[in-house]
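If you read the sequences in order, they're chains A and B. Numbering-wise, the first sequence is residues 1 to 576 according to this note's numbering. Numbering-wise, the second sequence is residues 1001 to 1430 according to this note's numbering. Backbone N, C-alpha and C fix where the C-beta goes; we use that ideal spot for every residue, glycine too. Every value quoted in this text rests on a predicted model; they were computed, and no experiment measured them.
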Amino acid sequence: MTKYVFSQDHKMISKQYLITAIIMAWVAVIMSLMFRLQLAWPGEGFAITNFFLGDKWAPGGVLDPNMYLALVTIHGTIMVFFVLTGGLSGTFSNLLIPFQLGARDMASGFLNMLSYWFFFLSSIIMVASLFVEGGPASGGWTIYPPLSALPQAMPGSGAGMTLWLVSMAIFIASALLGGLNYVVTILNLRTKGMKMTRMPLTIWAFFITAVLGILSFPVLLSAALLLLLDRSMGTSFYLSEIHIGGEALDNVGGSPILFQHLFWFLGHPEVYIVLLPALGITSEVIATNARKPIFGYRAMIGSILAIGFLSFIVWGHHMYLTGMNPFLGSVFVFTTLLIAIPSAVKVFNYLTTLWRGNIIFTPAMLFSIGLVATFIAGGLTGIILADSALDINVHDTYFVVAHFHVVMGMSAIFGMFAGVYHWFPRLYGRMMNTKLGYAHFWITFICAFGVFLPMHFVGMAGAPRRYYSNSEFPYLDGVADLNVLITLFAIVGGIAQVIFTYNFFYSIYRGQKSVQNPWRANTLEWTAPVEHMHGNWPGAIPTVHRWPYDYSKPGKAEDFVPQNVPLEPGEEEDHG
Amino acid sequence: MTKLLIIVVLVLGVLAVVRLSRVYELTATLRGKREEHITDRDNRMNARFMWLFCVLYFGFFLWLLFRYSDRMLPVAASEHGVWTDQLMDVNWMIIFFVFFLTNILLFYFAGRYVYDKDRKAHFLAHNNKLELIWTVIPAIVLIGIIIYGLTIWNRITARSAEGTAQVELYAKQFDWTARYPGKDGLLGATDYRLINDNNPLGIVTREAIGTRLAELAIGVNAAVEKLQAEGKFLPPSTVAEITEQVERHKRMMRKITNLKVMMEQDIAEKGAASSYNHGADDVVIKEFHLPVRRDVELVIRSRDVIHSAYIPHLRAQMNAVPGMATRFHMKPTITTDSMRVVTENEVFDFVLLCNKICGASHYNMQMPLVVESQTAYDAWYAEAMKKPFQGAPAAEAPAAPATPVAADSTAADTAKVAALTAAVQAQPTH
């Protein structure tokens, strides 16, 4: 019981996070396939839709418009929060922070356990909300009031919305407990010699991610609490002068825009909470498998810090068209476009790391290269969206959907896959099947662009997002066939994830037994024995003598030098 | 039956994969292969795939670009739309350049530097000069983009000139209503508490206040009478509901009375300039016409949830937020007729659509826009002035499956208010 369920061991908690995230991801993937079917062939019935949703929400297999919105909403919520925040950070921060720092465990094992179980509880509540009368929350994952505040506005704003808010409140508690723990551990439990400037970039990414989470999640919590009050206590934080369902409401003086400010004050850092861990994982995997030091280690840290800082002063770019003062909009244009600079630095540094490397194509390496590709494609379209004048016409169109799916959806999930393939031996002491990994990568990679590249064009044709169907607008007929193409790629890409899921669960039990350092990597987690043990290292914890990227260092016999190997007399540790 | 078949197919599929990979595992073990040992063959294969992918990726992208270029939005039909389209083109040029450059480097390097156990990677930890270059160059380019972008943004959002014609776009689930100023050229004040079927925008006039107060008074009296007569027989929850409704309507009557006082005071102070004097002749209509080459300021409001007024062909968009009015200032430059010629589409129409999730029928909340010559517009306007507002009920009915509860109460309310209004009209006016 204390080993598998109420475990306080960071390795077990890491596995718990990962498996919960995989299950949640499947829920969200199946949802996306159902609404993709509707978008490709609007109004047609599908047995599979009926199979999952039943006669109430999909009579004859035709998706109900309210259910369509619910699916879109819950798909977004699960992917952003449960898979890419809880799943990604939860899994790899927990696994790698103690291991790579040379710590016996997290600073507080108990808080860590609590953090997982809050996450688990919030997942259960979110899934439970799918089954309430009226359906789950359906106002979009951004749950803008008054739509989300008034049960009269849509069926999903009833009990489903309440459960959504409760689930998110618990989720935020989990994120805060986890985040505090990560920060404290990183600051206090580094082993001897592990200076901040010798930490692997994964740890730097997790560190800044945790700080972002601690600073921004409480704001979402307050926004959610105020929304709960508006919903049930008759307050008017977000409501004013509303006439709905044939009645004028009493509420005056509130502002729906206030909610958007609060929401995006979390919402934008959240993008980087999702993305930074993936970038950290990629830095580590690319350096290891290119057998080459990550180029510009300090510049990489600098750009993580710059992105982290800037992410707090750009939230208004989601709100250019809310009637916000145009001058304020200008300020947000400026800060938002600045983020392109550290992002560009990161991309160029990845490219230089690959240049004249000695590249081994493990599945993890493939996904990391895939991440760089999606980060380039998604980052560049961000330049358009950051520009308020251009945003006027592409705001809330499929162009936005394509942009953020590429830059944070695909990038983050590729980072997560890279992490799973790379650290699976560390998690389970066994290897995942490489050939299946290749198949998984190439199908996923091709389908990712097959889905999201055409989607940019649908957006440029002026198709709004969150539309149940485009068939009411003749000017969108020209891109109707693109919607079919996108759906076909989505189906293939979705099914390809079966390969991963199978490979993952099969390898847990039957995979080849792992050796201690299968990827010949430098970081400390590979100096611990394969079999998990409490405290991670049997004897003394290792001491660190060098930075983690001494790959192919001239004058060394091997092409890697682990961090715990002392510097030779006269050897320089110069990595600028 | 279909369900069963689906399940069977799925299970068989999974089983097949399981068996196949098991065979692979066994043969791999026999050959003594280790998973972490990536063979030269595998490395080379993936390296080739990287190059192949790059070609396919660019090919797909260019195919989309050429195949669909004429299905994107046609030429911008507004003055600022031309500016933003140019800005967009400049941005695209820069983006395409960086896109091709970085992707070529990425996939070229990935395919080129395949692992060779006899070679060592080039140990290169950093190079300050290079890093400086690729920090400074993007920074300079971005400063250019920012300055250009903000120049356009400032021109678009500049306050419209005094006396610019105003048109109000009023959103509710799930339709649009337009309001044009009457002869005075000004839109009158509104209050959401005055909204009823005959005054869907809640325009404030003495008559509207009187009607609404009477309506509410009759409703309250009827409810109170009902409670006195049948209160004992009704379930407690119904009694509580009615009592609450009575209280709410009484509160509303007090607020409306207050509004009346304020209105009279304002009129006394400002005379003809008072915004309360401008509402009576406003034209409320479910049609949207604009004269070509005339500045117009759209005043955008919402009755219930957030909507967004989006006119893609005019590159215009602004949210409709309950409780406040937002504005968008523009000048249409191409008439609907010209656009039909340009797009070679005889049935082309500009369309105003909702672009902020607002409920079940969000996807079909639209109103066609007609851009026409000043003469044609004047004729339409003169005609519109004569029409009384054509009621909302027809538009409300197909409003899709909202909650059963909400739908019922709407229907009930509509019926009730209609009855009450009739009663008020039967009585001598106050």
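Contact between A/Phe52 and A/Ile30 holds: CB atoms are separated by about 7 Å, below the 8 Å threshold. Here B/Trp1134 carries a helix assignment [DSSP, helix/strand/coil]. Sequence-distant Cβ neighbours of B/Asp1184 in its own chain, meaning closer than 7 Å and more than five residues away, are His1278 and Asp1281. Note that the C-beta distance between A/Ala107 and A/Val184 is below 8 Å.
One alpha carbon belongs to A/Asn564, the other to A/Pro548, and they sit about 9 Å apart. If you check the CB distance, B/Met1339 and B/Cys1354 do not come in under 8 Å. Using a Cβ-Cβ cut-off of 8 Å, A/Gly296 counts as an interface residue toward chain B, since at least one Cβ of chain B sits closer than that to its own. Listed by position along chain A, the residues whose Cβ is nearer than 8 Å to that of B/Asp1089 form an empty set, because the closest Cβ is around 11 Å away.
In the three-state reduction of the DSSP assignment, A/Met432 falls in the coil class, being assigned neither a helical nor a strand state. Secondary structure at A/Tyr475: helix, using DSSP grouped into helix, strand and coil.
Around B/Ser1308, the same chain offers Gln1317, Met1318, Asn1319, Ala1320, Cys1354, Asn1355 and Lys1356 as residues with beta carbons nearer than 8 Å, after the five sequence neighbours per side are excluded. Burial state of B/Leu1194 is buried, judged by a 10 Å Cβ sphere holding 16 or more other Cβ atoms.
The C-beta of B/Trp1176 comes no closer than 8 Å to any C-beta of chain A. Contact annotation: in the segment 1054 to 1071 of chain B, residues whose CB is within less than 7 Å of a CB in chain A are Tyr1057, Phe1060, Phe1061, Leu1064, Tyr1068 and Arg1071.
Secondary-structure assignment with DSSP links B/Cys1354 through a beta bridge to B/Ala1309.
One Cα belongs to A/Val372, the other to A/Gly378, and the distance between them is close to 10 Å. One thing to note: A/Ala386 has its Cβ no nearer than 8 Å to the Cβ of A/Leu351. In the assembly as shown, A/Ala21 is a buried residue. Its beta-carbon has 16 or more other beta-carbons within 10 Å.
In this structure, B/Met1050 sits away from B/Phe1100, with a CB-CB distance that is not shorter than 8 Å. No residue range can be given for B/Asp1304, since it is assigned to no alpha helix (DSSP H) and is classified by DSSP as neither H nor E. For A/Ile446, the three-state secondary structure derived from DSSP is helix. Around the beta carbon of A/His534, a 10 Å sphere encloses fewer than 16 other beta carbons of the protein chains shown; the residue is thus reported as exposed. Look at B/Gly1149: its C-beta is under 8 Å from a C-beta on chain A.
In the assembly as shown, A/Met410 is a buried residue. Its beta-carbon has 16 or more other beta-carbons within 10 Å.
Between the segment 1013 to 1027 of chain B and the segment 501 to 511 of chain A, the count of C-beta pairs closer than 8 Å reaches three or more; the two stretches touch. With respect to the C-alpha of B/Met1324, the residue from B/Thr1335, B/Glu1344, B/Tyr1310 and B/Arg1301 having the closest C-alpha is B/Arg1301. Burial is judged here by how many other beta carbons sit within 10 angstroms of a residue's own beta carbon; B/Arg1041 has fewer than 16 and is exposed. Across the set A/Lys11, A/Ile19 and A/Trp26, the C-alpha of A/Trp26 shows the shortest separation from the C-alpha of A/Ile491. The DSSP assignment places 1283 to 1285, 1288 to 1291, 1296 to 1302, 1307 to 1311, 1316 to 1320 and 1326 to 1330 as complete runs of the beta strand (DSSP E) inside the segment 1268 to 1348 of chain B, in order along the chain (cut-off: 3 residues). Beta-bridge analysis with DSSP links A/Thr397 to A/Pro464. In the DSSP secondary-structure assignment, A/Gly160 is bridged to A/Pro136. Contacts with chain A at 8 Å (Cβ-Cβ) do not include B/Gly1219. Here the C-alpha atom of B/Ala1384 lies approximately 15 Å from the C-alpha atom of B/Leu1369.
Taking a beta-carbon distance threshold of 8 Å, A/Gly378 does not count as an interface residue toward chain B. Straight-line spacing of the CA atoms in B/His1126 and B/Gly1032 works out to 40 Å. Contact check for A/Arg291 against A/Ser552 passes: the beta carbons are separated by less than 8 Å.
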